[in-house]
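In terms of my numbering, the sequence shown opens at residue 1 and continues consecutively.
C-beta: ideal position from N, C-alpha, C; glycine also.
Structure first, commentary second.
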Amino acid sequence: MEATNKEKFWWVKGTYPSINGERLPFVLARDVSFKEFAKKTEDAKAGRFWDYDKGIVTIIELPYGDHEGAISEFNRQICDQFRNVASQDNIRGWGAKTTGEYKEPDACFVPRRLLNLQNPVPNPCDYGRNPWPTIILEVVSFETFEHVKDKINNFWLGPNRCEDVIVIRLGNWNNRRRNQSGQPLRRLRVQYCSCLKFCRRTTLQLNQNATTFDPIQEIEFGTVDANGKASNFCPAPQTKWLTIDRDCIYEGCAPPLPPLQVLSQTSAPGIAIDLYEIQQAIFDAMGKN
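Now the structure itself:
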């Protein structure tokens, strides 16, 4: 599908027009050099929303409020949990980190310990010789999951790169359904890779011939199930958690690692993201209609 003349304003003028997300993905421009794509992407700040392949620029995602709200709340929670650690044990949020290939995540995080200028990293992620982030967040509204998996398998979880990729999937809300109390009826899911459950190292330990990574856990935290029936997956704060292990956050850092909280008797030290708060941030951005 091709962009309309109005939709092409995003490419031609760098200004974001009104776009119907249900038409995505569609072609924004053809016969484009990578150099031109890189410049246009930076000018329009569209690295998270455009994709480049063999001269074709495609819109894969849109900066809607629910998409951005989920990112903002995730960032708030993950940063809050490092307020009491020593300065050298903190993490840095790099936002939509630019790499040389312009495959920007919605957010990413790197431990400060890896940012030691006296010990340059052997496998940097950009021209500034920065290390790869250990934690990646992707929020998916219109982008196909197949496209996300391609980035995970062929980019983010490549050898000596990132450790965890967290994917939050926002189901469509075309029918604008709400329950009697006015709460939106929408499917929300988290699919994520963690060091112990879904990462390159663990996968290869289980199958040394493995070449791809598939999600092994799905956490529902919306208000409808796969069939569109109203459900109560995450009705209140602290009822659904996304956990990230300490060893994943500090991958590549020399021990000893900081004593982050132990989430339960059966879990490793790490942090926990309250998915109810992300749900509410998404719903707050969906408007009153």
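From the options, residue whose alpha carbon lies closest to that of residue i
i, options, result
"Arg112", "Ser87, Cys125, Val165", "Ser87"
"Lys13", "Phe145, Lys39, Ala44, Phe34", "Ala44"
"Ala46", "Phe9, Val165, Pro237", "Phe9"
"Ile271", "Thr58, Arg83, Lys39", "Arg83"
"Asn232", "Glu104, Asp66, Leu188, Val85", "Leu188"
"Ile267", "Asn207, Leu242, Tyr127, Ile166", "Correcting the residue type first, residue 267 is Ser in the shown sequence and not Ile. The residue with the shortest Cα to Cα distance from Ser267 is Leu242."
"Ala190", "Phe213, Gln180, Glu220", "First, the residue type needs correcting, since residue 190 is Val and not Ala in the sequence shown. The residue with the shortest Cα to Cα distance from Val190 is Glu220."
"Leu157", "Cys248, Glu42, Asp51, Gln238", "Cys248"
"Val167", "Pro258, His67, Met286", "His67"
"Lys240", "Gly95, Ile273, Glu143", "Ile273"
"Tyr64", "Pro17, Ile244, Tyr250", "Pro17"
"Pro255", "Trp11, Asp89, Thr15, Asp51", "Asp89"
"Glu143", "Asp51, Glu7, Glu42", "Asp51"
"Cys234", "Arg48, Gly287, Gln183", "Gln183"
"Phe49", "Lys103, Lys35, Thr4, Asn5", "Lys103"
Extent of the continuous beta strand (DSSP E) run through residue i
i, result
"Ile244", "241-245"
"Ile91", "91-93"
"Phe26", "26-29"
Cβ of residue i within 8 angstroms of any chain C Cβ
i, result
"Ala44", "This model lacks chain C altogether, as it is built from one protein chain only."
For residue i: DSSP bridge partner residues
i, result
"Tyr52", "Val57"
"Val190", "Ile168, Ile219"
"Ile136", "Cys108, Val165"
"Ile271", "Ile244"
"Arg178", "Pro184"
"Glu2", "Val27"
"Val262", "Pro269"
"Val121", "DSSP lists no partner for Val121."
"Ala230", "Val224"
Unbroken alpha helix (DSSP H) run spanning residue i, endpoints
i, result
"Glu42", "34-44"
"Phe145", "145-151"
"Phe290", "Since the displayed the chain opens at 1 and closes at 289, residue 290 lies outside it and no answer follows."
"Val12", "9-12"
C-beta contact flag for residue i and residue j at 8 angstroms
i, j, result
"Cys79", "Lys97", "no"
"Leu170", "Thr223", "no"
"Pro105", "Glu146", "no"
"Phe26", "Glu2", "yes"
"Cys162", "Pro131", "no"
"Gly21", "Ser181", "no"
"Asn75", "Gly93", "yes"
"Tyr276", "Ala226", "no"
"Ile91", "Leu62", "no"
"Gln261", "Pro269", "yes"
"Ile60", "Leu114", "no"
"Gly95", "Ile282", "no"
"Trp11", "Lys40", "yes"
"Glu73", "Ile244", "no"
Residue i Cβ short of 7 angstroms to the ligand ZN heavy atom set
i, result
"Asp89", "For the ligand ZN, the structure offers nothing, since it holds no ligand at all."
Sufficient close CB pairs (3 or more, under 8 angstroms) joining the segment 53-68 to the segment 11-31: Judged by pairs of C-beta atoms under 8 angstroms, the segment 53-68 touches the segment 11-31, as three or more such pairs exist.
Given 8 angstroms, three or more beta-carbon pairs between the segment 114-130 and the segment 140-155: The segment 114-130 is not in contact with the segment 140-155.
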